[in-house]
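Asker:
Number of protein chains: 2
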Amino acid sequence: MMTPPEFLPALIRKTGNIVLATHVSPDGDALGSLLGFADILESMGKRVFRYVEQEVTPFYRFLPGSDRLRTGMEELDSFVRLAGDDVLGVSLDCGDRQRLGQNGPNLLRVRPFVVIDHHKGNNGFGDFSWIDSQRSSTGEMIFDLATALGQTVSKEAAICLYAAIVTDTGSFKYELTRPHTFDVARQLVELGVRPEFVAGHLYDNFTFGRLQLMQKVLSTLEIEDDGRIAIIRVTRKMLDQTGCTLVDTENLINLPRSVAVVQVAVFLKETGEDIVSVSLRAKDTCDVAEVAREFGGGGHRKAAGFRQSLTTMDEVRNRLLPVLKRKLSC
Amino acid sequence: MMTPPEFLPALIRKTGNIVLATHVSPDGDALGSLLGFADILESMGKRVFRYVEQEVTPFYRFLPGSDRLRTGMEELDSFVRLAGDDVLGVSLDCGDRQRLGQNGPNLLRVRPFVVIDHHKGNNGFGDFSWIDSQRSSTGEMIFDLATALGQTVSKEAAICLYAAIVTDTGSFKYELTRPHTFDVARQLVELGVRPEFVAGHLYDNFTFGRLQLMQKVLSTLEIEDDGRIAIIRVTRKMLDQTGCTLVDTENLINLPRSVAVVQVAVFLKETGEDIVSVSLRAKDTCDVAEVAREFGGGGHRKAAGFRQSLTTMDEVRNRLLPVLKRKLSC
Chain X
0 MMTPPEFLPA
10 LIRKTGNIVL
20 ATHVSPDGDA
30 LGSLLGFADI
40 LESMGKRVFR
50 YVEQEVTPFY
60 RFLPGSDRLR
70 TGMEELDSFV
80 RLAGDDVLGV
90 SLDCGDRQRL
100 GQNGPNLLRV
110 RPFVVIDHHK
120 GNNGFGDFSW
130 IDSQRSSTGE
140 MIFDLATALG
150 QTVSKEAAIC
160 LYAAIVTDTG
170 SFKYELTRPH
180 TFDVARQLVE
190 LGVRPEFVAG
200 HLYDNFTFGR
210 LQLMQKVLST
220 LEIEDDGRIA
230 IIRVTRKMLD
240 QTGCTLVDTE
250 NLINLPRSVA
260 VVQVAVFLKE
270 TGEDIVSVSL
280 RAKDTCDVAE
290 VAREFGGGGH
300 RKAAGFRQSL
310 TTMDEVRNRL
320 LPVLKRKLSC
Chain S
0 MMTPPEFLPA
10 LIRKTGNIVL
20 ATHVSPDGDA
30 LGSLLGFADI
40 LESMGKRVFR
50 YVEQEVTPFY
60 RFLPGSDRLR
70 TGMEELDSFV
80 RLAGDDVLGV
90 SLDCGDRQRL
100 GQNGPNLLRV
110 RPFVVIDHHK
120 GNNGFGDFSW
130 IDSQRSSTGE
140 MIFDLATALG
150 QTVSKEAAIC
160 LYAAIVTDTG
170 SFKYELTRPH
180 TFDVARQLVE
190 LGVRPEFVAG
200 HLYDNFTFGR
210 LQLMQKVLST
220 LEIEDDGRIA
230 IIRVTRKMLD
240 QTGCTLVDTE
250 NLINLPRSVA
260 VVQVAVFLKE
270 TGEDIVSVSL
280 RAKDTCDVAE
290 VAREFGGGGH
300 RKAAGFRQSL
310 TTMDEVRNRL
320 LPVLKRKLSC
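Protein chains in written order, with numbering that gives the first Met the number 0: chain X, 0 to 329; chain S, 0 to 329.
1. Considering only heavy atoms of the ligand HEM, does any lie closer than 7 Å to the CB of residue 2/S?
2. At a CB distance below 7 Å, what residues from the segment 196-209 of chain S approach chain X? Give them in sequence order.
3. Answer yes or no: do residue 165/S and residue 7/S have a C-beta to C-beta separation smaller than 8 Å?
4. Decide if the segment 4-23 of chain S is in contact with the segment 296-307 of chain X; the criterion is three or more beta carbon pairs, one per stretch, under 8 Å apart.
5. With DSSP run on the structure shown, which of helix, strand or coil describes residue 230/S?
6. Is there a C-beta anywhere in chain X that falls below 8 Å from the one on residue 305/S?
7. For residue 208/S, which residues from the same chain have a beta carbon less than 6 Å from its beta carbon, with the 5 sequence-adjacent residues on both sides left out?
8. Which value, in whole angstroms, describes the spacing of the CA atoms of residue 187/S and residue 147/S?
9. Using 8 Å for Cβ pairs, my map puts residue 125/X next to residue 90/X. What's the rounded Cβ distance?
10. With DSSP as the reference, please indicate the residues paired to residue 21/S in a beta bridge.
11. Give the residues of chain S in contact with residue 220/X, contact being defined as C-beta atoms less than 8 Å apart.
12. Near residue 2/X, which residues of its chain fall below 8 Å by C-beta distance, leaving aside the five closest residues on each side in sequence?
13. Give the C-beta separation of residue 231/X and residue 223/X to the nearest angstrom, bearing in mind that I take them to be a contact with Cβ-Cβ under 8 Å.
14. Which residues in the same chain as residue 316/X place their Cβ atom closer than 7 Å to its Cβ, once the five residues preceding and following it in sequence are excluded?
15. Does the CB of residue 182/S have a neighbour CB from chain C at under 8 Å?
16. Are any of the Cβ atoms in chain S nearer than 8 Å to that of residue 125/X?
17. Alpha helix (DSSP H) containing residue 145/X: first to last residue?
18. Between which two residues does the alpha helix (DSSP H) carrying residue 196/X extend?
19. With burial defined as no fewer than 16 other Cβ atoms inside 10 Å of the residue's Cβ, what is the status of residue 81/S: buried or exposed?
20. Where do the N-terminal and C-terminal ends of the alpha helix (DSSP H) with residue 74/X fall, by residue?
21. Select from the segment 262-289 of chain X all residues with a C-beta closer than 7 Å to any C-beta belonging to chain S, and list them in chain order.
22. Where residue 79/S and residue 162/X are concerned, what is the direct C-alpha to C-alpha distance, given to the nearest angstrom?
23. Can you pull the chain S residues whose beta carbon is under 8 Å from the beta carbon of residue 177/X, in chain order?
24. Whole angstroms is fine: what's the gap from residue 51/X's alpha carbon to residue 58/X's?
25. Specify whether the segment 169-184 of chain X and the segment 36-43 of chain X touch according to this definition: at least 3 beta carbon pairs, one from each stretch, less than 8 Å apart.
26. Mapping the DSSP letters down to three states, classify residue 252/X as helix, strand or coil.
27. Taking the CB atoms as reference points, tell me whether residue 261/X and residue 255/X lie closer together than 8 Å.
28. Tell whether a beta-carbon distance below 8 Å holds between residue 17/S and residue 87/S.
29. Excluding the 5 residues preceding and the 5 following residue 259/S in the sequence, name in chain order all residues of the same chain whose CB lies nearer than 8 Å to its CB.
30. Using the beta-carbon count (16 or more within 10 Å), is residue 215/X buried or exposed?
31. For residue 173/X, which residues in chain S fall below 9 Å Cβ to Cβ?
32. Give me whichever residues DSSP pairs with residue 278/X in a beta bridge.
33. According to DSSP, is residue 116/X helix, strand or coil?
34. Between residue 293/X and residue 303/X, what straight-line distance do the alpha-carbon atoms span, to the nearest angstrom?
35. For residue 259/X, go through chain S and note every residue whose CB falls closer than 8 Å to its CB, in chain order.
36. Return the first residue and the last residue of the beta strand (DSSP E) that residue 221/S is part of.
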């Protein structure tokens with residue numbers, strides 16, 4: 000096992016009430032690490048508040064404990080009031096304080112506040128942090144934290160942590176899939192996780208709408224720079240026509256990314272009135288986190304993104320393309 | 000590790016010349032287990048003949064040793080002649096003797112002949128066999144055989160065996176992904192395999208044409224029987240327009256199959272002038288092998304198919320649909 004910093008098990012052991020939070024638009028690693036950790040903490044006799052900014056989509060309801068996620072700030076306030084001084088705030092899988100969402104400032108008022116994360120470029124916020132950008136996922140880190148705490152992981156928590164690892168490794172395909180990642184996966188499966196159950200929920204749980212959305216998004220495919228750049232788009236209209244939300248666009252960027260010659264895949268999303276969100280996925284030759292930072296965003300070398308207001312998809316595309324071409328020609 | 004039967008390491012140790020073969024149209028497990036095993040045997044000082052019926056597609060050229068695959072029966076004959084009595088034939092990942100292909104009878108003349116496989120329903124052929132239908136892949140079994148032989152697995156062999164496991168588990172998603180599977184994967188990664196390298200070759204090796212084909216095929220989506228049946232089609236024209244062949248349609252049936260409510264996915268393919276091939280994929284509620292047999296085809300419970308001549312896709316669809324609806328209403 001890979002050991003968390005010493006302060007962390009000690010701090011957890013001595014605290015009775017723990018508030019867990021994660022980033023906005025939480026994915027499988029965000030929710031899986033949060034719910035898995037919550038289960039582990041409750042098995043230690045602690046009171047836990049599972050905070051998310053918005054109701055999670057039915058897609059993630061297979062995660063045990065997802066029905067206990069809470070969105071209310073008032074509920075949080077009364078939890079914290081009741082806890083008095085015996086409280087700890089923890090953010091999981093959240094790369095910076097902004098990504099905690101609109102209630103971030105309130106969450107950070109829970110003190111001490113600890114950050115557990117694996118995002119590169121996370122400089123730490125709150126009072127203490129455990130950040131390891133060499134880890135596949137926050138879920139993997141939480142498993143090691145449970146080991147450091149001497150806690151047995153229940154089957155329910157194991158499902159959550161396994162889903163976290165699967166999400167952030169693309170089912171054991173990405174770079175940070177290390178021997179230790181497989182070792183944790185083995186232990187989680189020994190605890191009762193059925194890989195086909197989790198994969199079925201994460202990958203074989205399409206709706207017809209999502210399939211239709213995939214078709215519409217693929218029809219926007221644009222090939223640039225001799226195929227080294229592939230661009231796809233989703234509009235509000237496509238979402239309306241197919242009864243989908245932005246959540247259903249997740250993973251679609253992997254389609255252009257999977258073309259052998261493509262070095263950078265770009266996904267332009269009309270996320271609101273005059274708001275365009277951009278996801279970037281790269282292979283070895285380009286650091287898209289740098290590109291995203293030029294546009295006020297962030298992320299990892301191979302997976303990054305940013306958001307622009309008061310603009311159109313065409314405008315964003317036209318400003319982004321030269322930057323990407325420049326990067327690729329270096 | 001999970002131990003192979005005792006006769007096997009003994010037989011291998013005492014033999015100097017080994018002929019390896021696998022099934023026709025070899026996939027990642029067939030080629031990966033064959034090439035990985037060949038490397039292990041050569042590191043033991045043995046002469047190895049790597050037989051496949053046809054040249055493998057460029058898709059699998061990333062497997063170390065794939066350039067040493069041989070298709071010639073004459074070459075095989077002279078290898079066997081030179082070996083005299085000191086020879087062993089081994090078939091890997093091949094469910095029955097027919098699947099060895101047209102040269103199967105010649106291969107089986109190499110005696111003794113051993114069958115190593117994980118396919119359910121393999122009753123064993125040749126002189127000896129090691130068949131374990133609870134294994135994820137033949138590649139996983141070969142790793143355990145190397146351990147039983149006390150052989151270190153080279154990085155090259157590790158890549159082959161890892162690709163074998165990834166192929167047959169759908170990247171650790173299928174039912175037979177067990178703790179031991181993850182344990183073997185961990186060891187292979189420790190031996191130098193980079194998961195993203197193998198996954199990149201197996202999954203991120205699309206062409207733009209294939210992506211365009213996917214879009215066109217998805218645009219034909221037809222939903223029947225309240226969503227329990229989903230039908231997609233590919234025409235000769237779509238293949239021509241996208242520069243694709245029927246090989247590129249592989250796996251596309253998994254798209255409608257991945258819709259949660261779908262019980263049977265149907266893929267109608269215009270395979271020639273007036274010839275329609277039909278692939279069927281089912282979940283738990285329907286035995287599509289029975290349906291395929293009614294149309295002169297065959298297959299497994301969850302994956303079957305048939306072919307019809309002198310007809311159109313519409314005609315086949317109209318005859319098939321009532322049969323499927325009847326099955327699903329039982």
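In this text, a Cβ means the ideal position worked out from N, Cα and C, and glycines have one as well.
Answerer: Concretely, from the data shown:
1. Of the ligands one can find in the structure shown there are none, so the ligand HEM has no counterpart to examine.
2. 198, 202, 203, 204, 205, 206, 207
3. no
4. no
5. strand
6. no
7. 241, 242, 243
8. 16 Å
9. 7 Å
10. 91/S
11. 207, 210, 211, 214
12. 143, 147
13. That belief does not hold up - the Cβ atoms of residue 231/X and residue 223/X are roughly 12 Å apart, past 8 Å.
14. 230, 267
15. Looking for chain C here will not work: the only protein chains present are X and S.
16. no
17. 137-147
18. 194-202
19. exposed
20. 72-82
21. none
22. 50 Å
23. 188
24. 15 Å
25. no
26. coil
27. yes
28. yes
29. none
30. buried
31. 194, 195, 198
32. 266/X, 304/X
33. strand
34. 11 Å
35. 203, 204, 205, 206
36. 221-223
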